[in-house]
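First the structure, in the form of structure tokens, and then the observations on it.
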Amino acid sequence: MSHPHPELGAPPELPSGGLRVIPLGGLGEVGRNMTVFEYDGRLLIVDCGVLFPDESHPGVDLILPDFAAIRDRLDAVEALVLTHGHEDHIGATPYLLRERGDIPLVGSELTLALLNGKLREHRLKQTAFHKVKEGDRISFGPFDLEFVAVNHSIPDALAVAIRTGAGLVLHTGDFKMDQLPLDGRITDLRAFARLGEEGVDLFLTDSTNAEVPGFTTSEKNITPVLDQVFREADQRIIVACFASHVHRVQQILDTAVAHDRRVAFVGRSMVRNMGVARDLGYLTIPPGVMVDAKELAELPPERQVLISTGSQGEPMSALARIANRSHHFVNLEAGDMVVLASSLIPGNENAVYRVINGLSRWGARVVHKGNALVHVSGHASAGELLYCYNIVRPRNVLPVHGETRHMLANGALAKQTGVENVVYAEDGVVVDLVDGVASVTGKVAVGYVFVDGQSIGDVTESELKDRRILGEEGFISVIVVVDSVAGKVSAGPEIHARGHAWADSDFESIKQPIIDAVNAMLSDGNDDTYQLQQTVRRTIGRWVSGTHKRRPMIIPVVVEA
1 MSHPHPELGA PPELPSGGLR VIPLGGLGEV GRNMTVFEYD GRLLIVDCGV LFPDESHPGV
61 DLILPDFAAI RDRLDAVEAL VLTHGHEDHI GATPYLLRER GDIPLVGSEL TLALLNGKLR
121 EHRLKQTAFH KVKEGDRISF GPFDLEFVAV NHSIPDALAV AIRTGAGLVL HTGDFKMDQL
181 PLDGRITDLR AFARLGEEGV DLFLTDSTNA EVPGFTTSEK NITPVLDQVF READQRIIVA
241 CFASHVHRVQ QILDTAVAHD RRVAFVGRSM VRNMGVARDL GYLTIPPGVM VDAKELAELP
301 PERQVLISTG SQGEPMSALA RIANRSHHFV NLEAGDMVVL ASSLIPGNEN AVYRVINGLS
361 RWGARVVHKG NALVHVSGHA SAGELLYCYN IVRPRNVLPV HGETRHMLAN GALAKQTGVE
421 NVVYAEDGVV VDLVDGVASV TGKVAVGYVF VDGQSIGDVT ESELKDRRIL GEEGFISVIV
481 VVDSVAGKVS AGPEIHARGH AWADSDFESI KQPIIDAVNA MLSDGNDDTY QLQQTVRRTI
541 GRWVSGTHKR RPMIIPVVVE A
């Protein structure tokens with residue numbers, strides 16, 4: 001990935017008493033959050049999440065942070081702190097634990113419970129869990145940690161204050177400042193102010209909504225909109241949302257009870273996560289409202305509500321299969337109401353609109369964020385960030401969690417409140433806090449690590465490029481048989497194409513130029529098979545580009561008779 005300091009080399013040795021910050025993901029992108037803190041030779045990791053692939057990553061299931069920069073120092077890791085239970089913050093943890101299985105894991109009750117389900121899926125033994133809540137302090141090696149309640153689109157989110165000999169660091173995690181949250185748990189600005197009085201030397205702040213003016217809308221404002229949707233619906237209602245959005249599911253359950261409807265969960269992750277949230281008391285399920293999804297189909301349509309996964313257009317999700325009419329027991333009918341109660345993660349727009357179009361094609365009425373207030377963000381907007389900067393009064397700011405434009409906007413807000421030193425970094429750019437001053441000191445090599453089926457890290461950018469070419473341009477195979485003794489082509493070329501409406505006869509005009517080019521090399525005494533294949537590739541490649549304005553993958557095969 002690109003970063004704003006291309007001139008940098010490897011960072012120097014960390015000065016005694018200094019703190020090093022190494023972002024391995026989440027800076028310059030929305031997802032894959034992972035930050036490493038180094039002090040006195042020991043390491044602390046905050047978050048270890050995944051990035052979901054977009055259309056430029058064909059065949060890829062997940063994208064992980066690159067552990068290479070710390071792989072030979074995993075024995076120095078004191079703990080992994082997880083700020084909350086979203087996939088972009090905990091999803092890569094099982095892959096890290098495959099490399100060192102006894103890393104202590106620190107997080108809130110719900111966060112660790114959601115993670116524990118993932119560890120079981122990966123058949124990993126549970127390592128040491130350290131359950132914490134707001135107000136708790138716990139130390140690991142030279143890192144003294146204090147946890148602060150923050151409001152987000154999942155319960156039990158925490159900010160973390162990290163004290164070392166280099167100073168006090170405050171990492172917000174993902175947060176907003178909803179003053180009327182559904183669970184009554186607000187962002188603890190008193191704790192932020194207390195830490196500010198102590199002196200925050202480095203403030204790492206969520207940048208996602210830094211370009212959005214004002215304040216993020218309260219979750220409670222969605223309830224009357226959902227009520228209206230339920231009133232207007234005269235058939236089945238299908239609501240798609242994030243499988244971790246406990247608050248949204250609670251709103252849907254309460255609205256369903258008010259309208260005498262029954263509810264079923266659809267989608268494996270939804271069933272699992274809501275089961276965890278219910279068992280721990282974060283989700284209150286009114287008596288009699290929940291039924292099995294197959295039993296729900298026996299009720300009249302006007303009494304049915306399905307809560308489904310697939311709000312991001314994931315191809316194999318329950319909602320996508322419903323839109324394609326390939327779900328094994330949910331059959332969409334004209335007049336059904338479908339609500340997409342989620343935001344659009346950057347890069348997923350095309351997939352989401354594809355699902356919306358598919359639902360509409362069968363006559364469903366689709367309600368989404370573009371036409372109704374059915375979702376609010378879980379991230380602080382510009383007004384909230386300004387409040388935080390004025391309360392905390394940090395000496396140095398490092399914007400995190402967001403694309404480059406988000407981080408630049410966040411840094412500009414910090415400067416408006418009087419913060420003099422704002423440090424911009426992206427994945428792999430190293431920031432050192434020495435004598436109270438944060439500065440960029442170097443870079444480490446980081447990249448995307450692709451999970452493709454059972455393969456982890458084996459797929460390269462080059463191979464993804466080949467996949468994109470195959471998908472967009474198709475391929476042409478050319479087989480030529482040569483007689484190296486006679487020094488000429490003895491059979492072929494035989495040309496076949498896939499991925500475009502080309503007949504084999506379309507290639508008649510290029511066969512003789514290929515023969516001439518290969519014969520010319522052989523007559524010069526060059527019978528190296530690789531060089532002959534490259535000649536075939538160049539010859540037909542120029543012809544296809546000039547004649548058909550295409551650049552397919554070309555697979556030449558030269559065989560000696």
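Quick note on numbering: the UniProt record's numbering labels position 547 of the sequence shown as 547, and the sequence is numbered without any gaps.
Note that beta-carbon positions come from the ideal geometry of N, C-alpha and C, so glycine has one too.
query                                                                                                                                                      : result
Looking only at its own chain, which residues have a Cβ that is under 6 Å from the Cβ of Trp543, when we skip the five neighbours before and after it?     : Ile510
For the pair the segment 398-406 and the segment 18-27, tell me if three or more CB-CB distances fall below 8 Å.                                           : yes
How far does the alpha helix (DSSP H) with Val544 in it reach, from first residue to last?                                                                 : 529-548
Check each candidate in Ala323, Glu78, Val229, Leu413 and name the one with the smallest Cα separation from Leu387.                                        : With the sequence shown as reference, residue 387 is identified as Tyr, and Leu is not the correct amino acid for it. The shortest C-alpha separation from Tyr387 is found at Leu413.
Kindly identify the DSSP beta-bridge partner or partners of Asp292.                                                                                        : Paired residue(s): none; Asp292 is not in a bridge.
Once you ignore the five residues that flank Leu8 on each side, which residues in its own chain have a CB closer than 6 Å to its CB?                       : Gly442, Lys443
Counting beta carbon pairs with one atom in the segment 75-92 and one in the segment 103-119, are three or more of them shorter than 8 Å?                  : yes
Is Gly436 helix, strand or coil by DSSP?                                                                                                                   : coil
With a cut-off of 8 Å on the beta carbons, I'd call Leu306 and Val266 a contact; round off their distance for me.                                          : 5 Å
Going along the chain, which residues of its own chain have a beta-carbon closer than 6 Å to the beta-carbon of Phe192, five neighbours each way excluded? : Ile391, Val392
Suppose you measure from the CA of Pro11 to the CA of Val430; what does that come to, to the nearest Å?                                                    : 7 Å
Please determine, among Gly275, Phe203, Gln533, Leu112, the residue with the shortest C-alpha to C-alpha distance to Pro493.                               : Gln533
Classify Ala364 as buried or exposed, calling it buried when 16 or more other Cβ atoms lie within 10 Å of its own Cβ.                                      : buried
Would you identify the three-state DSSP class for Thr309, choosing helix, strand or coil?                                                                  : coil
Expressed to the nearest angstrom, what Euclidean distance is found between the alpha-carbon atoms of Lys220 and Ile238?                                   : 20 Å
According to the neighbour-count rule (16 or more other Cβ atoms, all chains shown, within 10 Å of its Cβ), is Pro394 buried or exposed?                   : buried
So is Ser2 buried or exposed if we call it buried at 16+ other beta carbons inside 10 Å?                                                                   : Summary for Ser2: the model assigns pLDDT 40, below 50, so the residue's position carries little reliability; its value from the coordinates is reported in the next sentence. With fewer than 16 Cβ atoms within 10 Å of its Cβ, Ser2 is classed as exposed.
Report the partner residues of Arg194 according to the DSSP bridge assignment.                                                                             : According to DSSP, Arg194 bridges with nothing at all.
According to DSSP, is Lys488 helix, strand or coil?                                                                                                        : strand
Along the alpha helix (DSSP H) that carries Asp171, what are the first and last residues, could you check?                                                 : Checking the displayed sequence, the identity of residue 171 turns out to be His instead of Asp. Element bounds for His171: not the alpha helix (DSSP H) but the beta strand (DSSP E), 167-171.
Of all the options Ala341, Leu296, Ala113, which has the alpha carbon lying nearest to the alpha carbon of residue 582?                                    : The structure shown does not extend to residue 582, since the chain is modelled only from 1 to 561, so the question has no answer here.
Quick one: using the 10 Å Cβ neighbour count with 16 as the cut-off for buried, is Thr284 buried or exposed?                                               : exposed
Give a yes or no on whether the C-beta atoms belonging to Ala438 and Asp201 are separated by under 9 Å.                                                    : yes
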